[in-house]
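Only one structure is covered here, and it is reproduced in the block below.
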Amino acid sequence: MDYRTYEETAQKIRVDVIREVFEANSGHPGGSLSSADIVTALYFKVMNIDPEDPEKPDRDKLIFSKGHAAPVQYAALAERGFFPKEELTTLRKLGTRLQGHPKMGALPGIEMSTGSLGQGFSAAVGMALANKMDGNPGRIYAILGDGELQEGIIWEAAMAAGHYGLDGLCAIVDWNGLQIDGRNDDVMKVRPIDEKFRSFGFNVIMCDGHNFESLFRAFDEAKEVKGRPSVIIASTHKGQGVSFMADDPGWHGKAPDEGQARKAVSELGGEW
Amino acid sequence: MGDKKATREAYAEALVELGSERPDLVVLDADLANSTMTGKFRDAYPGRFFDMGIAEQNMYGVAAGLAASGKVVCASSFAMFATGRAFEIIRNSIGYTHLNVKVCATHAGITVGEDGATHQTFEDVAIMRTIPGMTVLDPSDAPSAKALVKLAVNTDGPFYVRLGRAKVPQLYTDEAAAALKIGKGNVLRDGTDCTVIAAGIMVAEAMAAAEELAAEGISVRVIDMYCIKPLDEELILKAAKETGRILTAEEHSVIGGLGSAVAEFTSQNCPVKMYMVGQHDTFGESGKPEELKAKYGMTASDIYKGVHVLMRG
């Protein structure tokens, strides 16, 4: 299978992330770039969605629980045709539909207001429970940050997902190893997360979060598992694709200046 | 009028009746189904009841997800844990999204009794009413609680419904309770010298105080302000103009509750002499509900004394 189309789409989305954050002069580039391939895999292949009918009842839903990575969700939704790409430059500006953290109902494709960490995953569990009650085949995907796993509500939600056997739920941990104050292991060690999720009743899948073959295989496996939820632990790099942002927690929540933005776009194969 | 009954019992009755009318109704609890009485709904509709365990934050997050999927959700715990521990989830996942979740919390206030200070909340109304779009209801008796729970479930958007543990006297017939509306208060007794605006269990105390004061020739109007948000400003304005004195009575801190809500309106629109009966910036303790009400100043006698203070000018 040729994955070049997906790789190119992901790079386009990364370019848009840089443009959005530069235009806003604020936002979170590091964790947006690390999630770009995961988001591309979901919106461009894995998920049953239709930009022409964004609220069709049997659709799959993506909850961006690490809501600070909104720029990558917005860029992907625009690329997928949910709203005009020109609107990306309004990120974080007064009156915009592209709020600093995703706002449910503001834009098609935003299924829950997220950003206060842990809450998106909890709501995703509620959505998976509703679909199970209704026999709705729609699957619920929730992207979690690794630092976010330090929130207590994550483990309350994991316990409930396991308890109720929510096989329509698939969590994806964007495991880039960094959070605002530094390395997860130094700030507050949350590892081993595979064992933690497994002990709460999850099917645990490891994958390379920057390799589409690995990502698609992980999502396929998750769909096959019945009777319990799945979590995909995707190894990633914060700032992936931009040399001076890669693996640097300093780029968690900082906008590039024009020189940096031009360099980043160029490295990503885009045009300024 | 019937026997004394707790508002939490009326809540359970309302849920069971709503269960057949509303197939989209889902009820959640956090390991307190026998105390909040949602267990009655569980027994009647087991497929639409989920115990979320002792994890209130996640319960309200899950409620948001269910509501975003088209369900109307009643999620219950004790008022302390529902509004205290889970405040930020209710604010961000239910309030900001304006989802159809009803936070129906029991065991509010001092009448929790013997469990003591950790379980007696005096802050719940204050924090819930700061959330934009949140309707706040504090019913005074069982018939009105039942009617208001039904109104909450059948009205779109987030609600906070404050319910009690203790059995309370009946003030409404079912017919009278069915006439209650969101955004309104109800004049239970007319009067011209002073208005007592009360909510929850303090309404019955206010009625008793008004009776005593009438015997002394003091005419007291009693308003059951069962809907604390949105507040019935018209009714308050009329009371301020016609009686010139307002006493508020609540089983809640005087910081941020009903008294504060009334004062926020009167101070800007119709400055009037006020007196506030409620919990005065202190924690509770263990004891029998009636003993605690007396010690912390939330009885008919405290309302009686307060009206006299206002009458002396």
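Chains as they are written, first to last, in my numbering: chain S, 56 to 327; chain Z, 129 to 441.
Don't be surprised by glycine CBs; every beta carbon is placed ideally from N, CA and C.
In whole angstroms, give me the CA-to-CA distance for residue i and residue j.
i: S:Val245; j: S:Leu204; result: 7 angstroms
i: Z:Gly328; j: Z:Met353; result: 8 angstroms
i: S:Ser168; j: Z:Lys133; result: 40 angstroms
i: Z:Arg440; j: Z:Ala391; result: 20 angstroms
i: S:Ile227; j: S:Lys121; result: 11 angstroms
i: S:Asp312; j: S:Lys318; result: 10 angstroms
i: S:Gly136; j: S:Glu166; result: 16 angstroms
i: S:Gly282; j: S:Ser254; result: 15 angstroms
i: Z:Asp409; j: Z:Arg290; result: 20 angstroms
i: S:Asn80; j: Z:Lys295; result: 58 angstroms
i: S:Gly223; j: Z:Arg150; result: 25 angstroms
i: Z:Gly434; j: Z:Asn220; result: 39 angstroms
i: S:Gly232; j: Z:Val324; result: 60 angstroms
i: Z:His380; j: Z:Leu386; result: 8 angstroms
i: Z:Ala192; j: S:Val297; result: 37 angstroms
i: S:Asn239; j: S:Ile248; result: 12 angstroms
i: S:Ser177; j: Z:Ala377; result: 38 angstroms
i: S:Glu75; j: S:Pro157; result: 14 angstroms
i: S:Cys262; j: Z:Gly241; result: 54 angstroms
i: S:Thr64; j: S:Thr145; result: 21 angstroms
i: Z:Tyr288; j: S:Asp302; result: 45 angstroms
i: S:Ile235; j: S:Pro304; result: 6 angstroms
i: Z:Met426; j: Z:Gly292; result: 15 angstroms
i: Z:Gly311; j: Z:Asp360; result: 5 angstroms
i: Z:Ser347; j: Z:Leu438; result: 13 angstroms
i: Z:Ile217; j: S:Val94; result: 25 angstroms
i: Z:Thr371; j: Z:Ala337; result: 17 angstroms
i: S:Pro84; j: Z:Phe215; result: 30 angstroms
i: Z:Met335; j: Z:Gly415; result: 25 angstroms
According to DSSP, residue i sits in a beta bridge with which residue or residues?
i: S:Val228; result: S:Leu199, S:Ile288
i: S:Val259; result: S:Val286
i: S:Gly170; result: The partner list for S:Gly170 (beta bridge, DSSP) is empty, contrary to what the question assumes.
i: Z:Cys322; result: Z:Val348
i: Z:Cys202; result: Z:Val155, Z:Lys230
Let me make sure I understand the geometry here. Which of the options has the alpha-carbon closest to that of residue i?
i: S:Arg114; options: S:Leu88, S:Ala124, S:Val76, S:Gly164; result: S:Gly164
i: Z:Gln298; options: Z:Val331, Z:Val281, Z:Lys309; result: Z:Val331
i: S:Ala197; options: S:His265, S:Arg253, S:Ala124; result: S:Ala124
i: S:Val127; options: S:Gly150, S:Ala183, S:Gly155; result: S:Gly155
i: Z:Phe411; options: Z:Lys278, Z:Asn186, Z:Asp243; result: Z:Asp243
i: Z:Ile182; options: Z:Ser204, Z:Gln396, Z:Asp159; result: Z:Asp159
i: Z:Gly212; options: Z:Tyr173, Z:Ile255, Z:Gln396, Z:Val240; result: Z:Ile255
i: S:Gly220; options: S:Lys187, S:Arg194, S:Arg238; result: S:Lys187
i: S:Ala316; options: S:Asp303, S:Pro304, S:Phe299; result: S:Phe299
i: Z:Val201; options: Z:Gly241, Z:Val190, Z:Asn397, Z:Val229; result: Z:Val229
i: S:Pro109; options: S:Ala161, S:Ile209, S:Gly190, S:Tyr61; result: S:Ala161
i: Z:Ile238; options: Z:Ile431, Z:Lys423, Z:Ala273; result: Z:Lys423
i: Z:Ala306; options: Z:Gly285, Z:Ser272, Z:Val154; result: Z:Ser272
i: Z:Val442; options: Z:Thr166, Z:Leu156, Z:Asn162; result: Because chain Z spans 129 through 441 in this model, residue 442 of chain Z falls outside it and cannot be assessed.
i: Z:Lys309; options: Z:Pro399, Z:Ala334, Z:Lys274, Z:Leu153; result: Z:Lys274
i: Z:Ile356; options: Z:Ala368, Z:Glu340, Z:Ser388, Z:Arg373; result: Z:Ser388
i: Z:Leu128; options: Z:Glu184, Z:Leu420, Z:Glu141, Z:Leu341; result: Absent from the structure is residue 128 of chain Z, since the part of chain Z shown begins at 129 and ends at 441.
Label residue i either buried or exposed according to how many other C-beta atoms from any shown protein chain fall within 10 Å of its C-beta, with 16 as the threshold for buried.
i: S:Trp327; result: exposed
i: S:Asn103; result: exposed
i: S:His307; result: buried
i: Z:Thr320; result: exposed
i: Z:Ala343; result: exposed
i: Z:Lys199; result: buried
i: S:Ser89; result: buried
i: S:Ser285; result: buried
i: S:Ser321; result: exposed
i: S:Met243; result: exposed
i: S:Pro192; result: exposed
i: S:Leu143; result: buried
i: S:Lys67; result: buried
i: S:Arg147; result: buried
i: S:Glu141; result: exposed
i: S:Lys111; result: exposed
Nearer than 7 angstroms: is that true of the beta carbon of residue i relative to any heavy atom of the ligand SAH?
i: S:Glu78; result: No copy of the ligand SAH occurs in the structure displayed, which carries no ligand at all.
### Message
Output needed in chain order: residues of the region 242–258 of chain S with a Cβ under 8 angstroms from some Cβ in chain Z.
### Response
Taken residue by residue, none of the region 242–258 of chain S has a beta-carbon sitting less than 8 angstroms from a beta-carbon on chain Z.
#### Entry: Near-chain Z residues of the region 152–169 of chain S - C-beta to any C-beta below 9 angstroms
Residues of the region 152–169 of chain S that bring their beta carbon within less than 9 angstroms of a beta carbon in chain Z comprise Lys158, Met159, Gly160, Glu166, Met167, Ser168, Thr169, in sequence order.
### Residues of the region 219–243 of chain Z with Cβ closer than 9 angstroms to any Cβ of chain S, in chain order
The region 219–243 of chain Z vs chain S, Cβ under 9 angstroms: Arg219, Asn220, Ser221, Tyr224, Thr225, His226, Leu227.
### Query
Using a Cβ cut-off of 7 angstroms, which residues of the region 92–126 of chain S contact any Cβ in chain Z, in chain order?
Within the region 92–126 of chain S, no residue qualifies.
### Task
May I ask you to list, following chain order, the residues of the region 174–185 of chain S that have a beta carbon less than 9 angstroms from some beta carbon of chain Z?
So the close ones are Gln174, Gly175, Phe176, Ser177, Ala178, Ala179, Val180, Gly181, Met182, Ala183, Leu184, Ala185.
### Message
Beta carbons nearer than 9 angstroms to chain S: which residues of the region 183–199 of chain Z have them?
### Response
Within the region 183–199 of chain Z, the qualifying residues are Ala183, Glu184, Gln185, Asn186, Met187, Tyr188, Gly189, Val190, Ala191, Ala192, Gly193, Leu194, Ala195, Ala196, Ser197, Gly198, Lys199.
### Message
Please identify, using Cβ separations under 8 angstroms, the residues of the region 201–224 of chain S that lie next to chain Z, in order along the chain.
### Response
Contact residues of the region 201–224 of chain S toward chain Z are Gly207, Ile208, Glu211, Ala212, Met214, Ala215, His218, Tyr219 (C-beta to C-beta distance below 8 angstroms).
### Task
Quick one: which residues of the region 364–385 of chain Z get their C-beta closer than 8 angstroms to a C-beta of chain S? List them in chain order.
Going along the region 364–385 of chain Z in chain order, one finds no residue with a Cβ nearer than 8 angstroms to chain S.
### Task
With 9 angstroms as the C-beta to C-beta threshold (strictly closer), list the residues of the region 410–433 of chain Z near chain S in chain order.
Per Cβ criterion, the list is empty.
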